[in-house]
Amino acid sequence: MAIRPTKKMSTAFEWEGKDRRGAHVTGKSVATNEQSLRAELRRQGVVPSKVKKQSAGFGGGKKPTSMDIAIFFRQLATMLGAGIPLVQSLEVLASGHEKPAVQKLILDIKSDIEGGSTLKQALARHPVYFDDLVVNLVGAGEQAGALDSLLEKIATYKEKTEALKKKIKKAMFYPAAVLAVAFIVTAILLIFVIPQFESLFKSFGADLPAFTQMVINLSKFVQDVGWLLVIIIVGGVATFRYFYKRSRPMRHSLDRLLLKMPVLGPILLKAAIARYARTLATTFSAGVPLVEALGSVAGATGNIVFEVGVMRMKDEVSTGTRLQQAMQTSGLFPNMVNQMIAVGEESGSLDTMAGKVAEFYELEVDTAVDSLSSLLEPMIMIILGVLIGGLVVAMYLPIFKLGAVV
74 MAIRPTKKMS TAFEWEGKDR RGAHVTGKSV ATNEQSLRAE LRRQGVVPSK
124 VKKQSAGFGG GKKPTSMDIA IFFRQLATML GAGIPLVQSL EVLASGHEKP
174 AVQKLILDIK SDIEGGSTLK QALARHPVYF DDLVVNLVGA GEQAGALDSL
224 LEKIATYKEK TEALKKKIKK AMFYPAAVLA VAFIVTAILL IFVIPQFESL
274 FKSFGADLPA FTQMVINLSK FVQDVGWLLV IIIVGGVATF RYFYKRSRPM
324 RHSLDRLLLK MPVLGPILLK AAIARYARTL ATTFSAGVPL VEALGSVAGA
374 TGNIVFEVGV MRMKDEVSTG TRLQQAMQTS GLFPNMVNQM IAVGEESGSL
424 DTMAGKVAEF YELEVDTAVD SLSSLLEPMI MIILGVLIGG LVVAMYLPIF
474 KLGAVV
């Protein structure tokens with residue numbers, strides 16, 4: 074029975090030493106152990122005087138981000154296009170990256186390739202950073218002998234999708250953050266500030282205005298059961314997230330509801346169409362058959378309603394239906410999108426037309442997010458004014474009443 078050798082794990086090191094000119098140099102590198110790092114430094118003309126493991130882990134715990142992966146693909150495509158061998162390209166990229174976590178990831182990929190794996194197989198061993206779509210595109214590039222051009226397409230795809238995600242997060246985060254701050258400020262006023270006014274009002278010995286009494290009663294309620302409300306809210310959010318991730322019918326219902334919301338819905342719809350078109354353009358231009366491409370596109374739309382719809386389209390296309398007709402039957406896409414895809418099918422330039430659709434809707438999302446921010450700002454100011462201003466007015470009403478009596 075053959076025993077498979079265990080894979081050596083890379084470690085991040087910090088080192089100091091002197092170069093060939095005698096100048097003091099420092100740096101960070103990733104290696105399997107200290108001895109191999111010292112040997113590598115000597116090979117580069119550096120005499121190491123101090124080598125130690127990086128105390129804060131891989132870059133202070135910073136994991137590779139999606140933009141790190143996009144930049145990695147872009148740089149690797151450039152180096153392969155310049156004729157540099159794959160293993161040497163990976164070694165150069167690893168040594169030149171600032172994040173030790175990214176260095177380790179690239180060196181692990183390099184180690185797998187040196188062991189006989191293809192780039193597709195090496196990437197597939199890191200599913201957290203390289204999803205099935207990217208892995209399959211890389212495999213298509215290796216089979217076609219055009220890996221550098223495919224990596225360029227993947228880099229563009231990752232950059233565009235990440236930019237789109239940031240726009241969606243911006244649209245949802247801003248109002249949520251402001252309302253959260255308003256909620257926290259209101260809670261602080263109810264728990265700590267209003268009780269001080271209550272003790273002051275008791276010394277007046279007069280009846281309080283109805284609005285002031287209502288706020289005081291609310292303050293007492295929050296003080297008595299506030300901790301229970303926090304537990305209920307946190308527990309409710311945690312339960313919702315748990316079932317949302319595991320319940321497909323719940324996700325389908327919620328995603329459908331979000332698409333029908335008055336302001337946010339159109340943005341999410343345009344974002345889903347942009348992701349659909351961008352992924353379709355990337356996979357089809359890579360030479361992936363349309364039916365297989367639709368399978369990858371379905372999971373990349375970011376909305377389960379579109380995912381189900383695209384999978385139905387895939388079944389229809391596999392039986393001979395044209396893509397434009399399947400899209401029209403799904404009822405998910407505007408007529409303009411259906412017409413552009415039809416032109417792409419007729420002219421044999423489906424990837425180009427899908428790319429134009431993606432660019433159009435990415436711009437639409439950008440414009441819609443900016444418009445939403447402008448629209449929400451006065452609404453948020455009104456909400457803050459009503460909440461905070463209402464509490465302040467309630468506390469000063471008895472003082473105004475006392476002043477009128479005097």
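Here the working numbering is used: the first residue of the sequence shown is 74, the next is one more, and so on. Using N, Cα and C, we set each Cβ at its ideal position, and we do this for glycine too.
- Nearest in C-alpha terms to E89, of all of E164, V119, L281, is V119.
- Under the Cβ criterion (8 Å, minimum of three pairs), the stretch 398-418 does not count as touching the stretch 438-445.
- Judged by beta-carbon spacing, L449 lies beyond the 8 Å limit of P282, meaning their Cβ atoms are not closer than that value.
- Distance check between A347 and each of E235, K387, S190 places E235 closest, using alpha-carbon atoms only.
- Sorting F433, E187, H97 by C-alpha distance to the C-alpha of Y349 places F433 at the top.
- As the crow flies, the alpha-carbon of G382 is around 24 Å from that of K240.
- In the three-state reduction of the DSSP assignment, S190 falls in the coil class, being assigned neither a helical nor a strand state.
- Secondary structure of H199 (DSSP, three-state): coil.
- Beta-bridge pairing by DSSP links P121 to G90.
- By the neighbour-count criterion, in which 16 or more other beta carbons inside 10 Å mark a residue as buried, M454 falls on the exposed side.
- Residues A228, K231, E232, E235 of the same chain have their beta carbon placed closer than 7 Å to that of A143, with the five preceding and five following residues left out of the count.
- The beta carbon of S391 sits closer than 7 Å to the beta carbons of V364 from its chain, once the five residues preceding and following it are set aside; these are given in chain order.
- For L331, same chain residues with a beta-carbon under 7 Å away, outside a window of 5 residues either side, are L337, G338, L341 in chain order.
- The C-beta distance from A195 to I182 rounds to 5 Å, short enough to meet the 8 Å contact threshold.
- CA-to-CA, the gap between M386 and P451 works out to about 42 Å.
- Assignment of G100 by DSSP, reduced to helix, strand and coil, places it in the strand class.
- By the beta-carbon neighbour count (other beta carbons within 10 angstroms, threshold 16), D424 is buried.
- Only exposed fits N106, as fewer than 16 other CB atoms lie within 10 angstroms of its CB.
- Setting aside the 5 residues that flank it on each side, D141 is surrounded in the same chain by V175, each with a C-beta closer than 6 Å to its C-beta; the list follows chain order.
- Residue nearest to A167 within the set G154, G156, Q148 is Q148 (criterion: CA-CA distance).
- A direct Cα-to-Cα measurement between L114 and V208 gives close to 33 Å.
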